[in-house]
Amino acid sequence: MTDPTPEHGTKPTITDDVIEQIQANVTEPHAPTELDLSREPILEVENLRMYFPVKSGGVIRRTVGHVQAVDGISFQVPAGGSLGLVGESGCGKSTTGRMITRLYKPTGGAIRFAGQDIVPLSNREMKPLRQDIQMIFQDPYSSLNPRHTVGSIVGAPLIVHNVVPKKQVLPRIQQLLEVVGLNPEHYNRYPSEFSGGQRQRIGIARALALQPKLLVADEPVSALDVSIQAQVVNLLQDLQKEFDIAFLFIAHDLAVVRHFCPEVAVMYLGKIVEIGDRETIYAAPHHPYTQALLSAVPDVKQAVIGGRRERIRLEGDVPSPINPPSGCRFRTRCHLAQEICAKVEPPLLQIGKRHKVACHFAGELGKAPSRPVTAQLLGVDDQGNTDPTAAPVTAVTSQPGYADTWVDLDTARGAHA
Amino acid sequence: MSTLIEPRAGGAAVNDSGEPYLVVENLTVKFPTEGGLVHAVSDLSYSLELGKTLGIVGESGSGKSVSSMAVLGLHDVKRSRITGSIRVNGREIIGLAEKQMNHLRGNEIAMIFQDALAALHPFYRVGSQLMEAYSLHHPSASKRDARKKAIEALDRVGIPQPDARIDDFPHQFSGGMRQRVMIAMGLINSPALLIADEPTTALDVTVQAQILDLLQDLQREYNSAIIMITHDLGVIAEMADDVLVMYAGRAVEYGACREILSHPEMPYTWGLLSSVPEVGASTDARLIPIPGTPPSLLNPPSGCSFHPRCVHKDKVPGNLCSTELPELLPGRAAHHLKRCHLANPDQIYEQEILPEIAPDTVSAADPTTEGEAPR
Chain R
15 MTDPTPEHGT
25 KPTITDDVIE
35 QIQANVTEPH
45 APTELDLSRE
55 PILEVENLRM
65 YFPVKSGGVI
75 RRTVGHVQAV
85 DGISFQVPAG
95 GSLGLVGESG
105 CGKSTTGRMI
115 TRLYKPTGGA
125 IRFAGQDIVP
135 LSNREMKPLR
145 QDIQMIFQDP
155 YSSLNPRHTV
165 GSIVGAPLIV
175 HNVVPKKQVL
185 PRIQQLLEVV
195 GLNPEHYNRY
205 PSEFSGGQRQ
215 RIGIARALAL
225 QPKLLVADEP
235 VSALDVSIQA
245 QVVNLLQDLQ
255 KEFDIAFLFI
265 AHDLAVVRHF
275 CPEVAVMYLG
285 KIVEIGDRET
295 IYAAPHHPYT
305 QALLSAVPDV
315 KQAVIGGRRE
325 RIRLEGDVPS
335 PINPPSGCRF
345 RTRCHLAQEI
355 CAKVEPPLLQ
365 IGKRHKVACH
375 FAGELGKAPS
385 RPVTAQLLGV
395 DDQGNTDPTA
405 APVTAVTSQP
415 GYADTWVDLD
425 TARGAHA
Chain B
1352 MSTLIEPRAG
1362 GAAVNDSGEP
1372 YLVVENLTVK
1382 FPTEGGLVHA
1392 VSDLSYSLEL
1402 GKTLGIVGES
1412 GSGKSVSSMA
1422 VLGLHDVKRS
1432 RITGSIRVNG
1442 REIIGLAEKQ
1452 MNHLRGNEIA
1462 MIFQDALAAL
1472 HPFYRVGSQL
1482 MEAYSLHHPS
1492 ASKRDARKKA
1502 IEALDRVGIP
1512 QPDARIDDFP
1522 HQFSGGMRQR
1532 VMIAMGLINS
1542 PALLIADEPT
1552 TALDVTVQAQ
1562 ILDLLQDLQR
1572 EYNSAIIMIT
1582 HDLGVIAEMA
1592 DDVLVMYAGR
1602 AVEYGACREI
1612 LSHPEMPYTW
1622 GLLSSVPEVG
1632 ASTDARLIPI
1642 PGTPPSLLNP
1652 PSGCSFHPRC
1662 VHKDKVPGNL
1672 CSTELPELLP
1682 GRAAHHLKRC
1692 HLANPDQIYE
1702 QEILPEIAPD
1712 TVSAADPTTE
1722 GEAPR
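First to last, the sequence lines map onto chains R and B.
The numbering used here applies: residue 15 is where the first sequence begins, and numbers increase by one.
The numbering used here applies: residue 1352 is where the second sequence begins, and numbers increase by one.
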């Protein structure tokens, strides 16, 4: 972990040129964001866990269990890049975002921001770092105080962190409003006078006020109208490019994530089940859950063919995170599940240059192997019982980044057979 | 489950009067407010036959919910001005007495609301809410019969252990299950017309797919007509037979689903298609937002209500777009109505829009466009 490279070290500032450029750009067509491999990670999350206690009723209120909202996830976000976090509601993606902004104190694990672990920090020690990590919230109606003017909402972080002299707060607020495409004269209005898309822009201006290095965007467009969604996504892309901001983009809309994030992590019940670059995840997903999720998205092109798209049907509901299934958490709804899945938890195994998957039977759709690919690596037999003859080949770790060597599924399978 | 709802006489798409089951003609809904008259729906006409699905697409405030609430007679007569004609099975709805409307509502026409948590009463068990919906239209049925019906309905929509879950409260169900309860309530009296107002918007994709499957199965079984209100064009593409695109209270494009989504002829529909990224599209596809914001319905723009946001208005000679409201006229095909002044929308769509949003399909589509050019 090193500091960001020198040419990106200085923060770009808001100037009139920048504002003009962004405003001219927002309604132009935007191509998907590209992956830049040269950038160092600005955020590294390792084995992060968040357990919420479940209290019993009555006077004593003993802790009777834990909701394992997030259970040991690891990933990296490159400086100026973006990682998408997708999954169904209740899978822990918002909890992850709230831990990274330290709105929750994690139960365990490490969050390294620019090399510094922020998990053990106290609120007082966190304060200077909060300038660099900001958040955009999902609901533009409940995330803005209805009794404050837009100026005081956007200006609050400037005053709290004392970044500009008092006299310059107002000009700065107006600049920020201009950057996000609002009329700077409207700083005296209340949130209720704005539409949903405009309110989300106010939320973005507030997050930008401190010129953060990392923005956690928790479903930033899902509450907006379709025609407005694209405007906000384009605005975020321009801001990212202009101010070199890294994004952790949390969303359940797979198409928006695909457009915004060159790298995507898929979560299920508090675990990352598959992580990799956009092309792999969307074109050749190896985890049955990712495959099911992608096949369930309705497609406009289906209109020409007629009828419904072929899809993988998931049976039942997501199990309770208080008492998750043993072994693989997805096994209760998985069509590939076998005995080993209930006994041994599949590790998040790197199977490509930038592709990790946590499944015993990982394979492309329709080409899933008949025998577990992980058995030998874990030192168990095909049914998941400990096999004294098979020594674990590699120590399976949960490192956040990608290694230079990885397990090739074809040869691992060949070697086993 | 055949005892729950008797299948409708098969294939009878038209009723005695020879017209489709639901006919909406020149429907106009206005709300007088302190700020002035809100033109929520203007001059809307469509029809729907039994066993078919109509998809209504549009942004919030485009009048899609208001128009379908008018079909259910849910607007307060004192606070709204409704003109035009809505005929359900040949019977005029507008101006119908509340007592007769109550007989239709929930019995022949039912609605599935978007937010099931808000639409179900939090203090009552789902069973008693379902039983009320049944008993209201079957006054002679005993409480036991109603309970049996409610359990059957829950079973039909795929809720496990319906005889135990019937005594649960709405908050004890997950989002998808709650939506199923809503659907069960809508179906308990086997309505001929089901209005689903954004039935899956609040749900995850996998649950959404389950609910859409369920609606299609039920439609096949009971030959109901469905109005599907949504802003997700993907859902429309997979569910609807006909599509109605609404903007600022007016129909701007109306026709067969396949025709509208493969050859849209109205810049607003283009905008909708190009501002939504697609999961299966090529990675070169670009995202083009519609500039500006939806207009206020207090003072709708002059001429075509989309003209302030339309990027193609300079292709129309003069300032026709801002002065004259285009008529809803047939375009390419006879069953494809559009409200736009553009003379050659097909050409613009293929040359300017498709290369941006679906660069991979352009080369493949070329031969067909050659064939269609002399029109």
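By construction, the Cβ of each residue, glycine as well, lies at the ideal position given by its N, Cα and C atoms.
Bear in mind that the values here come from a model prediction, so they are computed numbers and not experimental data.
Straight-line Cα distance separating residue 1693/B from residue 1670/B
Translated into the one-based positions of the second sequence, residue 1670/B becomes position 319. Translated into the one-based positions of the second sequence, residue 1693/B becomes position 342. Between residue 1670/B and residue 1693/B, the C-alpha separation is close to 12 Å.
By the DSSP assignment, the alpha helix (DSSP H) with residue 1605/B in it spans what residues?
Locating residue 1605/B in the second sequence gives position 254, where the first residue counts as 1. No alpha helix (DSSP H) contains residue 1605/B, which is instead part of the beta strand (DSSP E) from 1601-1607.
Same chain, Cβ closer than 8 Å to residue 1608/B, five either side skipped, listed in chain order:
Walking along the second sequence from the start, residue 1608/B turns up at place 257. These residues qualify, in order along the chain: 1406, 1587, 1588, 1591, 1592, 1593, 1594.
Just how far apart, CA to CA, sit residue 28/R and residue 258/R?
Within the first sequence, numbered from 1, the residue matching residue 28/R stands at position 14. Within the first sequence, numbered from 1, the residue matching residue 258/R stands at position 244. Taking the straight line from one Cα to the other gives about 12 Å.
Check the Cβ of residue 1583/B against every Cβ in chain A and list those closer than 7 Å, keeping chain order.
Going by chain labels, chain A is absent from the structure shown, which instead holds the protein chains R and B.
Would you say residue 1516/B reaches chain R, if we count a Cβ-Cβ gap shorter than 9 Å as a contact?
Looking up residue 1516/B in the second sequence gives position 165. Chain R contact via Cβ: absent.
Are the Cβ atoms of residue 1510/B and residue 1476/B separated by less than 9 Å?
Position 159 of the second sequence, counted from the first residue, corresponds to residue 1510/B. Position 125 of the second sequence, counted from the first residue, corresponds to residue 1476/B. No, the Cβ-Cβ distance between residue 1510/B and residue 1476/B is not below 9 Å.
Use the C-beta contact count for residue 181/R: other C-beta atoms within 10 angstroms, 16 or more gives buried, fewer gives exposed.
Taking the first sequence and counting its residues from 1, the one referred to as residue 181/R is at position 167. Classification of residue 181/R: exposed, given that the 10 Å Cβ count is below 16.
Contact list for the segment 1554-1565 of chain B against chain R, Cβ threshold 9 Å:
1554, 1555, 1556, 1557, 1558, 1559, 1560, 1561, 1563, 1564
Could you list which residues in chain R have their beta carbon closer than 7 Å to that of residue 1400/B, in chain order?
Within the second sequence, numbered from 1, the residue matching residue 1400/B stands at position 49. None at all; the shortest Cβ gap to chain R is about 17 Å.
Chain R contact residues for residue 1635/B, given Cβ-Cβ distances below 9 Å:
In the second sequence, the residue the question calls residue 1635/B occupies position 284. Near residue 1635/B (Cβ distances below 9 Å), the residues of chain R are 45, 46.
Compute the beta-carbon to beta-carbon distance between residue 1685/B and residue 1372/B, rounded to the nearest angstrom, for a pair I have assumed lies under 8 Å.
Counting from one through the second sequence, the residue named residue 1685/B turns up at place 334. Counting from one through the second sequence, the residue named residue 1372/B turns up at place 21. Not really, about 22 Å apart at Cβ, beyond 8 Å.
Opening and closing residue of the beta strand (DSSP E) in which residue 1544/B lies
Mapped onto the second sequence, residue 1544/B falls at position 193. Unbroken beta strand (DSSP E) run through residue 1544/B: 1544-1548.
Smallest Cα separation from residue 268/R: which of 244/R, 255/R, 253/R, 296/R?
The residue labelled residue 268/R in the question sits at position 254 within the first sequence. When only C-alpha atoms are compared, the closest one is 296/R.
Reducing DSSP to helix, strand and coil, say where residue 316/R ends up.
Taking the first sequence and counting its residues from 1, the one referred to as residue 316/R is at position 302. In this structure, residue 316/R counts as helix in the three-state DSSP scheme.
Quick check: is the beta carbon of residue 30/R nearer than 9 Å to any beta carbon in chain B?
Here residue 30/R corresponds to residue number 16 of the first sequence, with the count starting at 1. No, no contact with chain B.
Please compile the residues from chain B whose C-beta is within a distance smaller than 8 Å of the C-beta of residue 266/R.
As a working note, residue 266/R is residue 252 in the first sequence. 1555, 1556, listed in chain order.
Run of the alpha helix (DSSP H) containing residue 1494/B, from where it starts to where it stops
Within the second sequence, residue 1494/B is the residue found at index 143, counting from 1. First-last of the alpha helix (DSSP H) with residue 1494/B: 1494-1507.
On the CB-based measure, 16 or more other CB atoms within 10 Å of its CB, does residue 1708/B come out buried or exposed?
Position 357 of the second sequence holds residue 1708/B. Buried.
Determine whether the beta carbon atoms of residue 265/R and residue 94/R lie at a separation below 9 Å.
Along the first sequence, one-based indexing puts residue 265/R at 251. Along the first sequence, one-based indexing puts residue 94/R at 80. No. Outside cutoff.
What's the call for residue 300/R, buried or exposed, on a 16-neighbour Cβ count within 10 Å?
The sequence position of residue 300/R within the first sequence is 286, counting from 1. Classification for residue 300/R: buried.
Kindly confirm or deny that the segment 326-343 of chain R and the segment 354-373 of chain R touch, where touching means at least three C-beta pairs closer than 8 Å.
yes
Sufficient close CB pairs (3 or more, under 8 Å) joining the segment 90-107 of chain R to the segment 48-55 of chain R
yes
Use the C-beta contact count for residue 1469/B: other C-beta atoms within 10 angstroms, 16 or more gives buried, fewer gives exposed.
Here residue 1469/B is taken as the residue at index 118 of the second sequence, counted from 1. It is exposed - the Cβ of residue 1469/B has fewer than 16 other Cβ atoms within 10 Å.
Is the shortest distance between the beta-carbon of residue 81/R and the beta-carbons of chain B less than 9 Å?
Here residue 81/R refers to the residue found at position 67 of the first sequence. Output row for residue 81/R: interface = no.
Here's the rule: buried if 16 or more other CB atoms are within 10 angstroms of the residue's CB, otherwise exposed. What is residue 1695/B?
By 1-based counting over the second sequence, the position of residue 1695/B is 344. When all chains shown are included, residue 1695/B counts as exposed.
Straight-line Cα distance separating residue 1370/B from residue 105/R
Here residue 105/R refers to the residue found at position 91 of the first sequence. Here residue 1370/B refers to the residue found at position 19 of the second sequence. So the two alpha carbons sit approximately 49 Å from each other.
One question on the structure: do residue 235/R and residue 270/R come within less than 9 Å of each other, judged by their Cβ atoms?
To locate residue 235/R, count along the first sequence from 1; it is residue 221. To locate residue 270/R, count along the first sequence from 1; it is residue 256. Yes, they are a contact pair.
Between residue 215/R and chain B, is the shortest Cβ-Cβ distance under 9 Å, so that the two count as touching?
Translated into positions along the first sequence, residue 215/R becomes position 201. No, residue 215/R lies away from the interface with chain B (no Cβ there is under 9 Å from its Cβ).
Given that residue 1630/B touches chain R, what residues does it touch there, using C-beta distances under 8 Å?
Start at 1 with the first residue of the second sequence, and residue 1630/B comes out as number 279. The contacting residues are 268, 269, 272, 296, 308, 311, 313.
Taking 9 Å as the threshold (C-beta atoms), are residue 413/R and residue 1640/B in contact?
If you number the second sequence from 1, residue 1640/B lands on position 289. If you number the first sequence from 1, residue 413/R lands on position 399. No, the pair does not count as a contact, with Cβ atoms beyond the cut-off.
Contacts around residue 1356/B, its chain only, beta-carbon distance under 6 Å, and the 5 residues preceding and following it disregarded:
Mapped onto the second sequence, residue 1356/B falls at position 5. The pLDDT assigned to residue 1356/B is 45, lower than 50, so where the model puts this residue is not dependable, and the model offers no usable value.
Which value, in whole angstroms, describes the spacing of the CA atoms of residue 442/R and residue 61/R?
Shown here, chain R extends from 15 to 431; a query on residue 442/R therefore has no answer.
For chain R, find out if any of its Cβ atoms is closer than 9 Å to the Cβ of residue 1720/B; answer yes or no.
Residue mapping note: residue 1720/B aligns to position 369 of the second sequence, counting from 1. Reliability of the predicted coordinates at residue 1720/B is poor, the pLDDT of 39 falling under 50, and no value is obtained from them.
Taking the alpha carbon of residue 1400/B as the point to measure from, which residue in 1622/B, 1664/B, 1474/B, 1545/B has its own alpha carbon closest?
Here the question's residue 1400/B lines up with position 49 in the second sequence. For the residues 1622/B, 1664/B, 1474/B, 1545/B, the minimum Cα distance to residue 1400/B belongs to 1545/B.
Where does the unbroken alpha helix (DSSP H) through residue 1437/B begin, and where does it stop?
The count along the second sequence starts at 1 and reaches residue 1437/B at position 86. Not the alpha helix (DSSP H): residue 1437/B falls in the beta strand (DSSP E), residues 1432-1439.
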